[in-house]
Amino acid sequence: MRYSKVAIGLHWLIALMIIGLIIFGILMTNPDTPNRFALYQLHKSFGICVLILSVLRLIWRLGHKPPALPQGMKAWEVAAAKLTHVAFYVIMIGMPLLGWAMISSSETVIPTKIFNTLPWPDIPGLPRDKAISDIFKNLHHWIGKGTIVLILLHVGAALKHHIVNKDNVLARMLPFLRKSRL
Numbered sequence: 044m045r046y047s048k049v050a051i052g053l054h055w056l057i058a059l060m061i062i063g064l065i066i067f068g069i070l071m072t073n074p075d076t077p078n079r080f081a082l083y084q085l086h087k088s089f090g091i092c093v094l095i096l097s098v099l100r101l102i103w104r105l106g107h108k109p110p111a112l113p114q115g116m117k118a119w120e121v122a123a124a125k126l127t128h129v130a131f132y133v134i135m136i137g138m139p140l141l142g143w144a145m146i147s148s149s150e151t152v153i154p155t156k157i158f159n160t161l162p163w164p165d166i167p168g169l170p171r172d173k174a175i176s177d178i179f180k181n182l183h184h185w186i187g188k189g190t191i192v193l194i195l196l197h198v199g200a201a202l203k204h205h206i207v208n209k210d211n212v213l214a215r216m217l218p219f220l221r222k223s224r225l
């Protein structure tokens with residue numbers, strides 16, 4: 044059984060945006076990068092998109108049962124798979140919220156406009172305080188590094204299932220892979 048087309052579409056759209064956000068995050072924090080301000084604005088815009096799409100994905104997921112994990116997986120593998128999916132949802136929703144809290148509490152007031160068009164408000168009631176903003180900034184930074192590790196583990200596990208286990212785990216999420224006949 045495959046994931047639904049909606050789940051597959053949201054998975055890959057959000058995944059590509061997160062990879063882009065990581066690249067933007069690395070580039071925009073390098074002082075030698077030209078057009079850093081534009082990258083910050085794009086980073087915020089795509090971060091908000093990830094937040095909205097991730098909430099929609101979570102709502103979809105709560106109403107649609109995912110395919111069962113392959114039989115024969117060890118208990119630790121099942122636990123790791125479940126923990127990884129929970130961690131991704133926490134990151135997909137938590138990281139944009141941390142970024143939003145960081146800019147909302149920053150002493151430097153730079154309005155956020157999604158793709159330079161739609162104004163996005165600051166979080167109401169959050170004080171503009173450098174110490175608070177720095178906490179959100181550090182959390183955003185270090186969880187971002189953890190996200191890279193989690194993505195590498197996720198990709199590695201998917202490839203292990205496909206190459207070593209020769210099961211259908213990867214085919215359930217990649218529309219162009221055909222299911223093997225196990």
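In the working numbering, each residue carries its 1-based index in the sequence shown increased by 43. Idealized CB from N, CA, C, for every residue including glycine.
- Under the three-state reduction of DSSP output, residue 157 falls in the strand class.
- Per the Cβ contact rule, the region 187-204 is in contact with the region 124-132 (3 or more Cβ pairs under 8 Å).
- The beta-bridge partner set that DSSP reports for residue 162 consists of 156.
- Looking from the CA of residue 79, the closest CA among 139, 119, 71 belongs to 71.
- The three-state secondary structure of residue 44, taken from DSSP, is coil.
- Leaving aside the five residues that flank residue 105 on each side, none in its chain has a CB nearer than 8 Å to its CB.
- Residue 189 and residue 44 have their C-alpha atoms spaced approximately 31 Å apart.
- Note on the region 58-116: whole alpha helix (DSSP H) runs with a minimum of 4 residues are 79-106, in chain order.
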